[in-house]
Amino acid sequence: MSWKFDYLIVGAGFAGLTAAERLCTQFGKRCLIVEKRNHIGGNAYDCYDDHGVLIHNYGPHYFRTNSPRIKEYLSQFTEWHPVDYAILSYTEGRFWNFPINLNTFEQIIGRESTSEEMEKWLEEHRVTINNPKNSEEVIISQVGWELYEKFFKGYTLKQWKRHPKDLDASVCGRIPIRTNRDDRYLKEDFQALPKAGYTRMFERMIDACGDKLHLLLKTNYRDVMPHLEFDHMIYTGPIDEYFDDCYGQLPYRSLRFENESFTPEELVERETISGKPGFWQPAMQVNYPNEEEFTRIVEVKHATGQLCGNTTIVREYPDDFGPGKEAYYPIPAPDAAALYKRYKEKADGESGVSFIGRLATYRYYNMDQVVGMALAEVSKITGTYD
Ligand code: FAD
Ligand code: UDP
C-alpha cells in the first residue's frame with residue numbers, strides 16, 4: 003500500500019518549510035516533508051542547550067534582508083528582535099573593529115582621524131583593478147595589501163582551504179568596507195532575529211499547515227520513496243547526491259563546532275575582557291583571521307538578547323568534507339561552478355522535480371534568498387506568477 007501526497011518535499015530547512023507552508027495554506031495541497039535529521043530548520047535550527055542558553059547549533063545565523071516581501075512573509079510566523087550585528091577581529095594580540103571602518107583605521111594609525119584622511123590613505127594603498135575577478139582582487143582593490151593580509155588572507159585560507167585568488171570575488175566581496183563609523187557586519191536594510199528563535203518560527207509555519215502537512219524526521223527520502231505516490235517533488239538536499247554523484251562529487255567545506263559554557267561565577271574574571279557581566283567576550287562574534295585553527299568564536303547571547311546568567315561560546319573550525327560530515331558550504335569558485343553546471347543541466351531535464359535551496363542549487367545563499375527562491379518556485383509550479 004502506498005501513501006499519497008500532492009508534493010514530496012525533501013528537507014525541512016528554510017527552503018522546504020517555506021514551500022510546504024505556501025503549498026498547504028495557499029493552495030490546499032497535501033504535502034509530506036521528509037527530513038533526515040532529528041529536527042526541523044536545517045542549518046538555521048536553534049535550541050536551548052543544557053546550560054539554558056539559546057544557541058545556533060550550526061553556526062551563527064544572522065537574519066537580514068533588503069526585501070520587504072520576504073520580511074512580511076516571515077513576519078506571519080514571528081516577531082522580531084532587532085540587532086545591529088557587530089563583531090570584532092582578533093589578531094596580533096588585540097581586538098580590531100571589523101569590518102574595516104574609520105575606527106579600524108584609527109586603531110591602525112594609532113590616533114584619531116577622519117573619513118577624508120581614511121579615504122586618502124585607501125586611495126594611496128589600494129591596487130587599481132577595474133573588474134575584480136577573485137576574492138584577493140576584490141579586497142586589494144578596495145583596501146590594499148596590508149589590510150588584506152591582516153584580516154582576509156589567513157581567514158579565507160583557513161575557511162575554504164583555497165587561496166582567495168581561487169575563490170569568486172563575491173566571497174570576500176560580501177564583507178562591507180566603510181570610511182565612516184558604521185560598525186555593522188552586514189549591509190542589508192533589515193537586520194533582526196526571530197524573537198523567540200528560529201525553531202519557534204519554523205514550528206509556527208508547520209502549525210499553519212494543519213493536517214495538510216505530514217512531517218517525517220530521521221528519514222532519508224530514498225528509504226520511503228518506494229512507499230509513496232506524489233505528483234511533484236521539491237528537493238532541497240545536495241544536487242550531486244540526488245544524481246548519485248554521477249559526474250563526481252561537488253566540492254564542499256564542512257565545519258566542526260566546539261561549545262563551551264560558563265556560569266556567572268566563572269565569568270567574573272572575564273569581565274575585564276567582555277566589558278559586561280554574564281558574557282565571555284566583548285562581541286557576539288570575534289573573528290580570528292590568523293594564528294588560531296578556528297575562524298571565529300560566537301557568543302550568540304549578545305545578539306539574541308536572552309536574559310540568562312550562563313553563557314555559551316562556540317569555536318568554529320573549518321573542516322574537509324567527507325563521509326559522515328555535513329556539506330555546510332558550497333564553494334564559490336570557477337571549477338566548482340563548471341561541475342555544478344553539468345548537474346544543473348541534468349536537473350533541468352528531470353520532470354516533476356524542483357531543485358531549490360542552498361545545496362540543491364549549489365549557491366552560497368543567505369536565508370532570505372532561500373525563502374525568496376522557495377516562494378518563486380511555488381508560484382512557478384502552481385502557475386500563479388505574481
Ligand atoms: P538546509 O538548511 O541545509 O536544509 C536542507 C535540509 O535537507 C537539511 O535539514 C538536510 O538534513 C535535509 N536533507 C538533505 N538531504 C536529505 C535526504 N536525502 N533526505 C532527507 N532530508 C535531507 N544565512 C544567513 O542569512 N545569515 C547567516 O548569518 C548565515 N550564517 C550561516 C552560517 C553557517 C555556518 C552556515 C552553514 C550557513 C549560514 N547561512 C546564513 C546560510 C543558511 O544556513 C542557509 O541559507 C539556509 O539555512 C539554507 O536553507 P536550505 O533549506 O536551503 O538548506
Ligand atoms: N572573511 C575574511 N575575514 C573575516 C571575515 C570574513 O577573510 O574576518 C572572508 C572569508 O573568506 C569568509 C567570507 O569573507 O568566508 C564571508 O564571510 P562571512 O562572515 O559572511 O561568512 P559566513 O558567515 O557565511 O561563514
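Residues in the sequence shown are numbered from 3 upward in steps of one, following our numbering.
Don't be surprised by glycine CBs; every beta carbon is placed ideally from N, CA and C.
Near residue i, which residues of its chain fall below 7 Å by C-beta distance, leaving aside the five closest residues on each side in sequence?
{"i": "K348", "result": "F245"}
{"i": "V85", "result": "Q193, A194, L195 and A305"}
{"i": "G13", "result": "E37, G44, T238, G239 and G359"}
{"i": "Q109", "result": "W98 and N99"}
{"i": "G307", "result": "H83"}
{"i": "L159", "result": "H165"}
{"i": "V129", "result": "I142, S143 and G146"}
{"i": "R344", "result": "Y249"}
{"i": "E114", "result": "E108"}
{"i": "E148", "result": "H127"}
Can you list, in chain order, the residues of its chain with a C-beta nearer than 6 Å to that of residue i? Leave out the 5 residues immediately preceding and following it.
{"i": "G175", "result": "V140"}
{"i": "Y64", "result": "Y87"}
{"i": "N40", "result": "L219 and K220"}
{"i": "R66", "result": "L188, E190 and Q193"}
{"i": "I333", "result": "P253"}
Could you name the residues that DSSP lists as bridge partners for residue i?
{"i": "H58", "result": "D48"}
{"i": "D170", "result": "N136"}
{"i": "F100", "result": "I89"}
{"i": "P178", "result": "Paired residues: none, contrary to the question."}
{"i": "P253", "result": "None; P253 has no bridge partner."}
{"i": "S263", "result": "T314"}
{"i": "R66", "result": "Q193"}
{"i": "H216", "result": "L34"}
{"i": "P84", "result": "A194"}
{"i": "S381", "result": "Paired residues: none, contrary to the question."}
Leaving out five residues before and five after residue i in sequence, what residues of the same chain have Cβ atoms less than 8 Å from its Cβ?
{"i": "N105", "result": "N99, R183 and D185"}
{"i": "D51", "result": "I57, N261, S263 and T314"}
{"i": "P279", "result": "P266, L269, V270 and E273"}
{"i": "C211", "result": "A22, E23, C26, T27 and C33"}
{"i": "F259", "result": "N59, Y60, G61, V316, R317, E318 and Y319"}
{"i": "Y9", "result": "A21, A22, L25, K31, R32, C33, L34, F232, D233, H234, M235 and I236"}
{"i": "I208", "result": "L19, A22, E23, I42, L215 and L217"}
If you compare alpha carbons, which of the options is closest to residue i?
{"i": "Q161", "options": "K327, D321, E190 and F357", "result": "D321"}
{"i": "E268", "options": "H165, G311, F357 and V226", "result": "G311"}
{"i": "N68", "options": "F204, L252, I110 and D370", "result": "D370"}
{"i": "E231", "options": "C33, F29 and A17", "result": "C33"}
{"i": "E125", "options": "V145, S115, N136 and I110", "result": "V145"}
{"i": "R317", "options": "V55, V300, V129 and G326", "result": "V300"}
{"i": "E243", "options": "Y342, I275, K155 and V226", "result": "Y342"}
{"i": "P152", "options": "K163, R164 and E138", "result": "Residue identity check: residue 152 is Lys in the sequence provided, not Pro. Residue E138 is the option with its Cα nearest to K152."}
{"i": "A17", "options": "R255, V373 and I142", "result": "V373"}
{"i": "K179", "options": "K163, P166, F154 and R164", "result": "According to the sequence shown, residue 179 is Ile rather than Lys. Nearest of K163, P166, F154 and R164 to I179, Cα basis: F154."}
{"i": "L217", "options": "I42, K6 and M235", "result": "I42"}
{"i": "K163", "options": "F323, I72 and Y290", "result": "F323"}
{"i": "W282", "options": "T297, E293, E121 and V302", "result": "V302"}
{"i": "I275", "options": "I111, R96, S356 and V226", "result": "R96"}
{"i": "E205", "options": "T384, I383 and D48", "result": "D48"}
{"i": "R71", "options": "K382, A376 and G385", "result": "A376"}
{"i": "V55", "options": "S353, K346, L309 and A335", "result": "L309"}
{"i": "S91", "options": "I241, D213 and V288", "result": "V288"}
Exercise. How do the region 194-213 and the region 66-80 stand: do at least 3 beta-carbon pairs fall below 8 Å, yes or no?
Worked result: yes
Exercise. Residues with a Cβ closer than 6 Å to any heavy atom of the ligand UDP, in chain order?
Worked result: S91, F100, F153, F154, Y157, T158, Q161, V173, C174, R176, I177, N289 and P291
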